[in-house]
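Down below is the structure, laid out as structure tokens.
Residue numbers (our numbering): 189 to 328.
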């Protein structure tokens, strides 16, 4: 599926999404979504037969001065198309977002790492506990 086709398909999902524009061609189509809508968009991207993004190969967090972003790198393993979803979390004091563990088992350790290093709570994660730092470490 070409980028424009994919953008049109995503726009038909009923989730508010913006697409990052770049004057320089990039490897990935990048869609930006609120943290409240991230799970719905990613679920549709995985389960819709026209998109079928069946593999999450990377998930990470970025700490900006005024917000936190969670990035999801998804791949359709049948046609090798890829997309990046950026979910913006505005609440830096109590950052939280819905877990995608129910969609991708690869989210397990990714979300635990982001929780450990950035303090982001992943709602509905089955085992959200520290993975790298000592249990008594204080930060954020």
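Using N, Cα and C, we set each Cβ at its ideal position, and we do this for glycine too.
Everything numeric in this text was worked out from a predicted model, so none of it was measured.
Per DSSP, the unbroken alpha helix (DSSP H) holding residue 195 starts and ends at 191 to 199.
The segment 229 to 238 makes no contact with the segment 246 to 256; the number of CB pairs closer than 8 Å stays below 3. By the C-beta criterion, the segment 254 to 265 is judged not to be in contact with the segment 204 to 212, since fewer than 3 inter-stretch pairs fall below 8 Å. By the C-beta density criterion, residue 317 is exposed, having fewer than 16 other C-beta atoms within 10 angstroms. By a beta-carbon distance limit of 8 Å, residue 221 contacts residue 203. Their separation comes to about 7 Å. For residue 319, the closest of 303, 309 and 313 by C-alpha to C-alpha distance is 303. Of all alpha-carbon atoms in 269, 305, 309 and 290, the one lying nearest the alpha-carbon of residue 277 is that of 309. The Cβ atoms of residue 271 and residue 233 sit closer than 9 Å to each other.
Spatial neighbours of residue 198 in its own chain (CB-CB distance under 7 Å, excluding positions within 5 residues in sequence) are listed in chain order as 205 and 219. Nearest to residue 256 by alpha-carbon distance, out of 298, 241, 327 and 280, is 280. Nearest C-alpha to residue 294 among 194, 237 and 244: 244.
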